[in-house]
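Student:
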Amino acid sequence: MPQKRALWPMIKPYLTIFDGPLTLIVLLIFGISMVTMYSAGVGFPGRLEDHLRNILLSLLMMWIAACMPPQMLMRLAMPAYVVGVGLLVGVALFGIIKLGARRWINIGIVIQPSEIMKIAMPLMLAWFFQKRETMIRWPEFLVAGVLLIIPVVLIMRQPDLGTATLVMASGFYVIFLAGLPWKLIIGLALAGIAAMPVGWSMMHDYQRERVMTLIDPTADPLGKGFHIIQSTIAIGSGGIPGKGWMHGTQGHLQFIPERTTDFVFAVFSEEFGLIGNLVLCSLYLLLIGRGLLIAANAPTLFARLLAGALSLMFFTYAFVNMGMVSGILPVVGVPLPLMSYGGTAFVTLGLGVGILMSIQRHRKLVQS
24 MPQKRALWPM IKPYLTIFDG PLTLIVLLIF GISMVTMYSA GVGFPGRLED HLRNILLSLL
84 MMWIAACMPP QMLMRLAMPA YVVGVGLLVG VALFGIIKLG ARRWINIGIV IQPSEIMKIA
144 MPLMLAWFFQ KRETMIRWPE FLVAGVLLII PVVLIMRQPD LGTATLVMAS GFYVIFLAGL
204 PWKLIIGLAL AGIAAMPVGW SMMHDYQRER VMTLIDPTAD PLGKGFHIIQ STIAIGSGGI
264 PGKGWMHGTQ GHLQFIPERT TDFVFAVFSE EFGLIGNLVL CSLYLLLIGR GLLIAANAPT
324 LFARLLAGAL SLMFFTYAFV NMGMVSGILP VVGVPLPLMS YGGTAFVTLG LGVGILMSIQ
384 RHRKLVQS
């Protein structure tokens, strides 16, 4: 009789691809996400099942990215950027319009090309600086800035300020980590402040309304200020211990708009309170810290820049989402990472975590 092979030796090579600390942190966030979605998704048939599917898809993307060596990621950087920008141009010319925004394109399937740039942008810039590792001077930073501005402008024209912010942040982190001088950063900041009147005049009406609503949401409490007012009520009413799972009144009485997507943090805060928020924020800090540690120990400039930018991208996601739900930032449609409902964001973030795991895993292989 043929001998039966033990199960663990068969699956071990596939599971050891995952980085232990990162995997534990991500699974804990996924667990909190499922518990929160069970409560927030009441009244949305099939929402919990779809959310679980998105989590599993994210884990699959994570595993695929973790299997890819950094050398392959470098080879994909330029094609991914060119394809992404080409699709953004296609969106501008003949994209699909939904709810007044032209963000999608049909290429056999309907996709949102701006999501590609969240990963393609840091890949491209990390590749660019790797190729010029020994001669990074101001002309290289100028070229990198142009490479960053092209997709950001195309995304802002859709208009999609939230995604444009994330793409801008992911690219800027690479440029900053590559050694952008502080004098230039301060100069750019001062120039940005001076250009605010021009930027204000170029904003769409709904974008200006969001800024004014941030300043005084009570000016239109049943209209434009409704989101912020109800979310801040939910966060404050949770107190320190929270109202308890499934006992959040703002969420279950449907006062919180978009409670499974952009405003899921308000549902979580109401039910789990300050204690729950501290736990969730600690998990995000651990995730970011682990990513930055991987970046610090990466063997090449490409890997260091890419890992650092992806880690800080998670910070941007969490900070912007929590800020807008808490009423300290304008509402720009940025999901809470690994928590908010949405398949595209889960795929993008899964790829980001998988790339971090790839950099860590192949560093160990090189050392051994």
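With this note's numbering applied, the sequence shown covers 24 to 391. Every residue, glycine too, gets a C-beta built ideally from N, C-alpha and C. Keep in mind it's a predicted model, so treat the numbers as computed, not measured.
1) Provide the residue span of the beta strand (DSSP E) that contains residue 127, from first to last.
2) Is the Cβ-Cβ distance between residue 141 and residue 323 less than 8 Å?
3) With distances taken between CB atoms, is the gap from residue 266 to residue 293 smaller than 8 Å?
4) When we look at the beta-carbon of residue 24 and count the other beta-carbons within 10 Å, is it buried (16 or more) or exposed?
5) Using a Cβ-Cβ cut-off of 8 Å (strictly less than) and excluding sequence neighbours within five positions of residue 195, which residues of its own chain qualify?
6) Taking all protein chains shown into account, decide if residue 330 is buried (16 or more other Cβ within 10 angstroms of its Cβ) or exposed.
7) Per DSSP, which residues does residue 133 bridge with? Please list them.
8) Could you give the distance in angstroms between the alpha-carbon of residue 113 and the alpha-carbon of residue 100?
9) Quick check on this structure: which residue in 307, 353, 203 has the alpha carbon closest to the alpha carbon of residue 360?
10) Short of 8 Å in beta carbon distance, which residues of its chain neighbour residue 71, apart from the five on each side in sequence? Order them along the chain.
11) Taking just the CA atoms, how far does residue 168 sit from residue 191?
12) So residue 48 and residue 108 are in contact, right, with Cβ under 8 Å, and what is the actual spacing, rounded?
13) Of all the alpha helix (DSSP H) runs that stay within the bounds of the region 76–116, which reach a length of 4 or more residues?
14) Taking the alpha carbon of residue 182 as the point to measure from, which residue in 270, 300, 258, 124 has its own alpha carbon closest?
15) Could you check what DSSP says for residue 266 in three-state terms: helix, strand or coil?
16) So, residue 386 versus residue 321, is the Cβ gap smaller than 8 Å?
Tutor: Considering the structure as presented:
1) As a position in the sequence shown, residue 127 is number 104, starting the count at 1. Unbroken beta strand (DSSP E) run through residue 127: 124–129.
2) Your numbering for residue 141 matches position 118 in the sequence shown. Your numbering for residue 323 matches position 300 in the sequence shown. Taking a C-beta distance under 8 Å as the contact criterion, residue 141 and residue 323 do not qualify as a contact pair.
3) As a working mapping, residue 266 is identified with position 243 in the sequence shown. As a working mapping, residue 293 is identified with position 270 in the sequence shown. Judged by their CB atoms, residue 266 and residue 293 are nearer to each other than the 8 Å cut-off.
4) For this step, residue 24 is matched to residue 1 along the sequence shown. Because the pLDDT of residue 24 is 44, which lies under 50, any placement of that residue in the model is unreliable, and the number read from its coordinates should be weighed accordingly. Residue 24 comes out exposed.
5) In the sequence shown, residue 195 corresponds to position 172, counting from 1. Correct list, in chain order: 171.
6) Taking the first residue of the sequence shown as 1, we reach residue 330 at position 307. Buried: at least 16 other Cβ atoms inside 10 Å.
7) Indexing the sequence shown from 1 puts residue 133 at position 110. In DSSP, residue 133 forms a bridge with 129.
8) By 1-based counting over the sequence shown, the position of residue 113 is 90. By 1-based counting over the sequence shown, the position of residue 100 is 77. If you take the alpha carbons of residue 113 and residue 100, they lie about 20 Å apart.
9) Residue 360 sits at position 337 when you count from the first residue of the sequence shown. For residue 360, the closest alpha carbon among the candidates 307, 353, 203 is that of 307.
10) Taking the first residue of the sequence shown as position 1, residue 71 is located at position 48. The answer, listed in chain order, is 57, 60, 61, 64.
11) Along the sequence shown, read from residue 1 onward, the residue named residue 191 stands at position 168. Along the sequence shown, read from residue 1 onward, the residue named residue 168 stands at position 145. One alpha carbon belongs to residue 191, the other to residue 168, and they sit about 10 Å apart.
12) Indexing the sequence shown from 1 puts residue 48 at position 25. Indexing the sequence shown from 1 puts residue 108 at position 85. So it is not a contact: roughly 33 Å between Cβ atoms.
13) Here no run is fully enclosed.
14) On the sequence shown, position 159 is the one that residue 182 refers to. The candidate whose alpha carbon is nearest that of residue 182 is 124.
15) Against the sequence shown, residue 266 aligns to sequence position 243. Coil.
16) Residue 386 sits at position 363 when you count from the first residue of the sequence shown. Residue 321 sits at position 298 when you count from the first residue of the sequence shown. Cβ atoms of residue 386 and residue 321: closer than 8 Å.
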